[in-house]
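Protein chains in written order, with this note's numbering: chain A, 11 to 316; chain B, 201 to 383; chain C, 6 to 395; chain D, 852 to 1430.
Every residue gets a Cβ at the ideal spot worked out from N, C-alpha and C, and that includes glycine.
Model, not experiment: these values are computed from the prediction.
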Amino acid sequence: MSLRAVTAAASAAATRGNGDHHADDHGGVMTPTLYHQFEDVEQQNESYLVGMWTFLVTEIMFFGALFMAYSIYRTAYPATFLDAHKFLSIPLGTVNTLALLTSSFTMVMAVNANQHKKKWSLINWLGVTILLSCVFLGIKGIEYTTKIHEGLYPGSFNYARANTMYLEHHDGKAGHEAKGIYPYFPSVQELATGYSLNRITPEDPRAVGVEQTPAGPFTSYQGAPSDVEYWSKRAQLFFSIYFAMTGLHAVHIIIGILMMGTLILLALKNHPYITQDYMPTEMIGLYWHFVDIVWIFLFPLMYLIS
Amino acid sequence: MNNTMAVTFGTARNPGGDGHGGGSGHGKRPHDGTFIQHPTVGLYGITYLALLVLLGVTVGLYYIDLSKFVPWHGINLLIAMVVAVVKALFVIRNFMNVQGSTKLVWLWAALGFIWLVLMSGMFLDYRTRTNPLGWQPERPNMIQTGPRGVEPHVEYQPAPAQPGSPATAPVPPAAAGEASPAH
Amino acid sequence: MGELPFRPVAASSYAEDVDRLFFVLVALTVFFTSAVGITVLALAARYRRGNKVDRSRPSSHNTLLELSWTIPPIFLGLGVFFWSAKIYTQAYAVPENAKEIFVVGKQWMWHIQHSNGIRENNELHIPVGEPVKLTMISQDVIHAFYVPEFRLQRQVEPGQYSSFYFTPTKTGRYHLYCNMYCGTQHSLMGGWVYVMSKADYQKWAASGGSQPVAPGGTPSKTGGLTLTQRGASLYEKFQCNSCHDPAAVQRGRGPSLVGLYGKTRQLADGRKVKADDGYLRNVLYYPAEYPLAGWAVGMPSYKGVLTEEEVLQINAYVKSLKPTAQQSGAGTGGGATAAAAPVPATAAAPTGAAGAPADTAGGNVERNAPAANTDNIQFRHMYGGEQQGQ
Amino acid sequence: MSVSAFDPTGEPWPDRGGGNAAEPVEVGIPRVNYLNADHTIKSWLLTTDHKRIGILYLISISVMFLLGGLSAAIVRLQLTAPSGLLLSAEAYNKMFSSHGIIMVFLFLVPSIPATLGNFLLPLMVGARDLAFPRLNLMSWYLFIAGGLLTLGALTFGGVETGWTFYTPYSSIYSNSNVALAIVGIFLAGFSSIATAVNFIVTIHKMRAPGLTWFRLPLFIWAMYATSLIIILGTPVVAITLLLVVVERVFHIGIFSPELGGDPVLFQHMFWFYSHPAVYIMILPSMGIISEVIAANSKKRVFGYTFVAFSSVAIAVFGFLVWGHHMFATTQSMYASMVFSVLSFLVAIPSAVKVFNWTATVYKGSVEFSATMIYALGFLGLFTIGGLTGLYLASLATDIHLTATYFIVAHFHYIMVGGAVTGYLAGLHFWWPKMTGRLYPEFWAKLSAIILFVGFNLTFFPQFVAGYVGMPRRYAFYAPEYQIWQVLSSAGASVLAVGMLIPVIYLLWSLKYGKIAGANPWGAVGLEWTTSSPPPTTNFHEVPVVTWEAYEYHPIHDDDKDLTIPSPTAPEVTAEERKA
C-alpha cells in the first residue's frame, strides 16, 4: 500500500470523523470506570501503562532470545546466511515493512481519535490498521507458499531442487539480479494442479548430481551431491530461524488483529471502554508498536544480508 | 533519610508513589484528569515520514557495498543496525509516547534492551572458543562480502563468483561439472 | 597431601592441587558456618526474652560494620578465584609429547582408539607418568568423560571435539563414568581406566592389549594396524590421491596435504584457520565451509560416508605426511602448485604412531561391546569388584 | 503470647504492635471476612480477591509438593541398593525427572510469590487488592492448565530428560512426551509472568499514603526483586523450551548439531533463566526470614538499606553468572574464567544478608518461637548451601564436582534448606493472619527441629558421595557409594516425618486452633493492623503510614554518633568481624 493511498484513507477517515454528529462526540469529560482497588483514575491509568510496559519487557526478552540465536549462528556461518537469504524477496519484504510502519501510524491516529472521542474516525483508523496488517499477513503467506513450492520448508529441504526451480524462473540468474518477476508466484491453476510440485521432483536428474546442478544461489558450492545436501543442511539453520522468528511475529500480528477487531466492536456498541475511556486503545496501540519494532529489526537481519 | 527518599520515590502525601512523586510527565490535561500528555498529530506525521525515509535508507544500503569505502566488512550490518535502532527509537518515543510519560516508563522501555546486552555475553564464549562453531577466533571479520573463489591465474575452470561481486556470469552446467573432481 | 578420611585416590597431577583447594574451601566453610551459627545462637540466648540484660540504645544501622563484613569477603573470593583459575589452566596446557588417544562416545558405551591401533570399549589402558591427551567426540547426544580419581571431567559433544588432558601419577584401576545424563542406560555407560606401570603397559601393548594386566580387567584385542596405516588404507580406498597426490596437485586438482597438520591456512573468505584435528574433521565432513583461498571447493562431503573413528584414522595419516626439507611449507597458504610425494603409508607408520611401542602387533578383531540391553553383564563389568589404588 | 508479655527489663520500648498502639486490636474472628464472605464453589473459582487466589495457589502447590515428594521417596528407595531396589533404569530416569520437573517448575518457582506473596503483598502495601485482579485469577488458571499438562505427560508415558531438557537428547532422542511437558511448563511460566507484572505494578503504584520505598517491609523488596527476575528471565526459557518442542514436532532444528547448530547454545539460553530462577526461589524466603527474625526479636532489621539493596543486587548480578553451569562443556576457558569471578562476586550480597540477620538479634528480645527456630535453621542451612556454592563457582573444583552428588546436595541445601524452610517459616508466621487461628506451638517447634535434623541427615552424606565421585542421575552405582546413599535415604524418612507433622496440625488448627486475634506476634507492619482473617477489602479505611519499617523501638543510627557505642557492643562487633 503506497503512501498516497494511506493519506487518502486518512483524509477520508477524517472527513467522516468530523461528519458524524454522535451523541458522545466533541470532547466532553471522560469518566472511565474506576475499579475498586484504585484511588483515582490517574493512578489507574498509570498502573495500566506500567503494567503494559512491564509486559512489553517480557516480550522483548521473548524475541530477544531468538535474535541472540540468530546473531550467534550468523557470525558462525556468514556464507550460509549470505546464500540462503537470496531465497527471500526484498521487494515483498520492503512492502511488508512499509505496511507495518504505516499501520503503526494509523494506530496512533486511532488512539488520538479515541482521546478526542471521535468515534467514527477511531473506527476508520482501526479499520485501516487491520487492513494493513492483513496485507502483511497475505504477503507473508505468499512468501511461505513460495518457500514451500521451492521445497524450502523445514524438515524436507531439497536445495538441488530449489536451485533448479529457481533458475527456471529467473532465466539462469541467481539471486536478486535475476530478471523477471521474483519471487515465483504460482498462479491459481498452477496451485490447483500442483504445477511446480510435479514439475521437478527430487528424483529429477536435474535436481541431483554434480554435472547437472546448474549455477543457482549456491553457485560457489559446486560439488558432489552430498555437498549440495550439506548446504541444504546448513541453510536449514537459516530457514529454521527464519520460520521461527517470522512465525512467532505473525502470531503476534494475528493476536493484534483480533484485539483491534474487538475494539471496533466495542466502539460500534458505544461501550464505555471506548466512549468513556481511551486506555484500552492505548494499550493495544503500545502492543502494536512493539510488534512493529520487532519487524523493524527482523527486516534488515533476514532480508538484507550483504 | 526519608526526606531524600521522598524526593526520589514519592512522598507521604501521594498514594500512587512514583507516578505522583516527581509529578513528572503530567502535561496539559485538555478535558479532565485522565489525560497523559500525547504529542500532536503533526508530530505523528513527521515521525511517519522520517520512518519512511529511514526505510529507504535501509533498503538502499543493501545495494551499496560500503566495505569498498570502509576497510571493515561489517560496516553494512553496523549501519543497518544503527538505522534500525533509530527507527525503533522514533516509534518508542513518539508513537508509544514515552516522552509524555513518567520516568518509570522510560526505565521500563529501556530495561529489556539493556538485558539483551547482558544476554549477548554469550559471545564471550563463542568468540573465544578453541574449537569454535564454524569460524576460528582469529578470523578478521564476521560479515562476508565480495567474491569468494579463486584468483584468475589458476588455470582450471574457476568456480563462479558470488552474486553481488562485480563480475557475475552464470556458469554453464558443463563447466560447473568440470570444476569438481569425479568421485 | 596426606590421606584423609573419605578422600578418594588422587591419581593425577591435577588431583593433588584440586584436593588442596578443596580442603581449604572446606576449612572456610566450617569457619564461616560456625562463626555465623555460634554468633547468632549466642546472641539469641543472651538476649532471649525475659533475660535481664542491657538493651539500651539498640542500634539498627552501622555503615562501618557493614563495610567491614562486605569488603573482606570480596578479596577472599578473588583470592580463591585466582588460585582456582591457576589450577584450572593446567587442564588446558597440553604438552607436546602428550600421548594422544581418541574417544568416541555413543549411547551407551565409550569407544577408545590408541594411536598404535589398539581399540577398546569401556576400558582405557595407559602407562603411569606419561601425559595423556584424549580427543573426544560424541556420535549422538552429549556425554561427559569423568574419572573421579583424576578429579577431571569434560563433556563429549556431538559435532565438535573436546579434549581431556591429564598425567596419571598412581597405578591402579579407576572408575570411568559418563557424567552427563544421556538416556536410559546412562548409569551403565562406563567402565575402567587402568593406569599401569611402564613395563606392564609395554607388555600389554606388545600383546595387542590381549594380556590381562589388572584383576578383573578383561583382555582387549588389537586392530593390528596402527591408526596411520588404517588412515592410509582409507586414503587409498576413497581415492583421496586423485586430488591430493603430488601428480594431481601438479595438475591443480587439489592442495597438497604434506606438512599440512598444524599449519595455518588462508581461506577464501578471509579466515585464517589452524589445521588441527577439528579442522581436518570439518573439511572431511563439510568441505564447503572451508573454501581454501585459490581453490574451488571441489571436494565432496564425507559426512555419512566416514564414521567418526575413520575420520580420526585419516587425520592420523594426514598428520604423518611430513615434508622433507626442500618441501617445507608446501600445501599451506593459498594455492599450492608444487607438492611432494606423501610418505607412503607403510613407511609412515613409525612416524605416525607417536612413539608408541607396539606398531607390529598381531590380531585383527575389535573386542565386542557388551550388548546395551544386557544390563547385568555391563553392570558387573562396570561395578563388579572393589576399586583399588595404591 | 501477646505484646504485653514484653521484656520488663532494659529500656521500656513503646508498644508499636499494629503500628499504632492507640487503636485497640480487635480479638476474635471478625464476623465477616474474606473466607466466609461467600461460600459457593463458584465464588472461589471466579474470585478476584488476591487472598482467595493465594489460598487456591496454596492448595494447588501443596498437591504438587506432595507429588514431587512421592517421586523423591521412590528415588531414595531405589538408591538404597547399588543395583537398584525396585525400578528399571528407564523407570528410575522417569522418576527423578518428574521429581525435578514438578519440584522446580510447579512448586518452587510459584511457591512463595504465588501463595504468601499473593496474600500479603496488597496487605503489606496497604492496598485493597493487586493492580490487576482478573489477571491474577487468569494466572492461577494458567498454572492449573500447565500443571495438568505436565503432570499428564509425566504420568502417562513419562518424561526422561531430567528437568534440564538438554538437547539433543530432549529434541531428537528421548520420547515425545517431553513436548507435552514443555508446553505445560510454558503455560506455568506465563502464569508466573502474570503474577510478576501484577506485583511490580502494585508495588510501584498502589502503596498506601506515607509508605515510601524505604518504609516497605523487606518481604516486599524481595518480592520486587523476584518479580524483576521473572519478568526478565522467564520469557527466555519459555522460548528456549518452545524451540525444543518446535524441533521435535516441525523439525525446525535450531540446536541440532546435524544442521550445524550448537547444543551448548541451548545450555546458554537455558541457564540464562535457570540460574536466576534459583534466586526466584530463594529471594522470597530471604524476605520472609527478615520479617520473622525482626518480629521474633522485637528489633528493627539491622542494616535495612543494605538488606533491601542486596535483594536487588542479587536479582541483577544473578543474570551475569549463568556460564558457571557449563565449565565442563566446550565453553571457552576465558568465558569460564569471567563467569567464575562473577559468580564469586554474586555470593557477596547473600553473605551481607546473613550477617545482617545475625546482627539483628543483638540487643533484641528474642522469643524462641517455632518461626524463630525455622529462621535459625534457615540461617545455618543457607550458609552451608551458599558456601558450598563457592566450590562450584571455582573452576578447578567444579571440573571435579559438577554433575556429581555434590551438586545435588548443594542444590537441595539452597532449595529445601533455604527456600522450603523459609516457606514453612512464612506459612507459620502468617497462618494466623490467613486463617484467624493459631497452630499448636509445641508441635510446630517439634516439626521444625525434626526437619532440621532430617534434612542434614538426608543431604550431608550426598556432599561426601559427590566428592568421592558418584555421578548424579545414576539408577545403578558402584558399591563403595552405598553407605552414603543408605544414610541419605534414612535421613529422607526423617525428613518426610518432619514434613507430614505440619500438614496434620495445620489442618487441625483450622477448626480447633486458638483464636489468633489481629496481631498475635505483636509484630509491626500493615498486615497486622487489620483483623485476621482480613475483610475482603483488606482495610476498613485506607491506612496512612507514619512510622518506619520494623519500628519496634526508637530507631537508633550508629552513623550519627559512632563515639558512644553501648557497653556490650565492642566484643560482639569483633565477633562479627571474624565472620
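Taking Cβ-Cβ distances shorter than 7 Å, what residues in chain D pair up with residue i?
i	result
leucine 76 of chain A	Ile1090
leucine 304 of chain B	His1055
For residue i, which residues in chain A fall below 9 Å Cβ to Cβ?
i	result
methionine 989 of chain D	Near methionine 989 of chain D there are no residues of chain A at all, since even the closest Cβ is about 13 Å away, more than 9 Å.
To the nearest angstrom, report how far apart residue i and residue j are at their CA atoms.
i	j	result
tyrosine 80 of chain A	phenylalanine 300 of chain A	19 Å
leucine 136 of chain A	methionine 40 of chain A	20 Å
phenylalanine 1041 of chain D	leucine 1275 of chain D	25 Å
methionine 1350 of chain D	glycine 122 of chain C	58 Å
arginine 159 of chain C	valine 926 of chain D	27 Å
valine 23 of chain C	tyrosine 170 of chain C	15 Å
glycine 349 of chain B	leucine 297 of chain C	Since pLDDT at glycine 349 of chain B reaches only 31, below the 50 mark, its modelled position is unreliable, and the value read off the structure follows with that caveat. Computed Cα separation, rounded: 8 Å.
methionine 387 of chain C	glycine 110 of chain C	16 Å
leucine 142 of chain A	serine 89 of chain C	59 Å
threonine 1380 of chain D	proline 881 of chain D	13 Å
glutamate 221 of chain A	threonine 64 of chain A	In this prediction, glutamate 221 of chain A has a pLDDT of 30, which is less than 50 and means its spatial position is unreliable; what the coordinates show is noted afterwards. Distance between the alpha carbons of glutamate 221 of chain A and threonine 64 of chain A: 57 Å.
lysine 157 of chain A	proline 101 of chain A	15 Å
valine 1348 of chain D	alanine 1260 of chain D	20 Å
proline 153 of chain C	valine 1189 of chain D	26 Å
tyrosine 284 of chain C	leucine 262 of chain C	13 Å
leucine 316 of chain B	glycine 74 of chain A	6 Å
threonine 1209 of chain D	phenylalanine 1157 of chain D	14 Å
valine 1271 of chain D	phenylalanine 1206 of chain D	21 Å
glutamine 234 of chain C	phenylalanine 243 of chain C	14 Å
tyrosine 1075 of chain D	proline 1068 of chain D	11 Å
glutamate 355 of chain B	glycine 264 of chain C	Since pLDDT at glutamate 355 of chain B reaches only 31, below the 50 mark, its modelled position is unreliable, and the value read off the structure follows with that caveat. Near 24 Å, if we compare the C-alpha coordinates of glycine 264 of chain C and glutamate 355 of chain B.
For residue i, go through chain B and note every residue whose CB falls closer than 7 Å to its CB, in chain order.
i	result
alanine 1186 of chain D	Leu324, Asp325, Thr328
valine 1189 of chain D	Leu324
valine 118 of chain A	Tyr244, Phe295
isoleucine 306 of chain A	Ala284, Lys287, Ala288
Could you tell me how far apart the beta carbons of residue i and residue j are, in whole angstroms, since I believe they sit closer than 8 Å?
i	j	result
phenylalanine 1195 of chain D	phenylalanine 86 of chain C	5 Å
threonine 247 of chain B	asparagine 294 of chain B	4 Å
phenylalanine 1233 of chain D	glycine 1269 of chain D	4 Å
valine 161 of chain C	leucine 1227 of chain D	Not a contact, Cβ separation roughly 45 Å.
Could you name the residues of chain C that residue i contacts, counting a contact when the two beta carbons are closer than 8 Å?
i	result
phenylalanine 1310 of chain D	The premise fails here: phenylalanine 1310 of chain D is roughly 14 Å from chain C at the closest Cβ pair, so nothing lies under 8 Å.
Closer than 8 Å by beta-carbon distance: list the chain A residues that pair up with residue i, in chain order.
i	result
glycine 1305 of chain D	Those do not exist, as glycine 1305 of chain D stays about 39 Å from chain A at its closest Cβ, beyond 8 Å.
arginine 979 of chain D	His46, Gln47
Please list the partners that residue i has in chain D, where partner means a Cβ-to-Cβ separation under 8 Å.
i	result
valine 317 of chain A	Limits of chain A in this structure are 11 at one end and 316 at the other, which puts residue 317 of chain A out of reach.
tryptophan 315 of chain B	Leu1083, Phe1170
leucine 318 of chain B	Phe1170, Leu1171
Run down chain B in chain order and give the residues with a C-beta less than 9 Å from the C-beta of residue i.
i	result
threonine 139 of chain A	Near threonine 139 of chain A there are no residues of chain B at all, since even the closest Cβ is about 12 Å away, more than 9 Å.
Counting only Cβ pairs nearer than 9 Å, list the residues of chain D close to residue i.
i	result
isoleucine 79 of chain C	Phe1195, Leu1196, Ile1199
Report the start-end ranges of each alpha helix (DSSP H) in the segment 966-1045 of chain D that is 4 residues or longer and not cut off at the edges. 969-976, 984-1006
Three CB pairs or more closer than 8 Å across the segment 932-939 of chain D and the segment 966-976 of chain D: no
Take every Cβ of the segment 1310-1320 of chain D, pair it with every Cβ of the segment 912-920 of chain D, and state whether three or more of those distances are shorter than 8 Å. no
Quick one: complete beta strand (DSSP E) runs, 3+ long, within the segment 131-179 of chain C? 137-143, 148-152, 157-161, 167-171
4 or more residues per run - each alpha helix (DSSP H) lying fully within the segment 100-124 of chain A: none
Any contact between the segment 1330-1341 of chain D and the segment 1381-1388 of chain D? By contact I mean 3 or more CB pairs, one from each, below 8 Å. no
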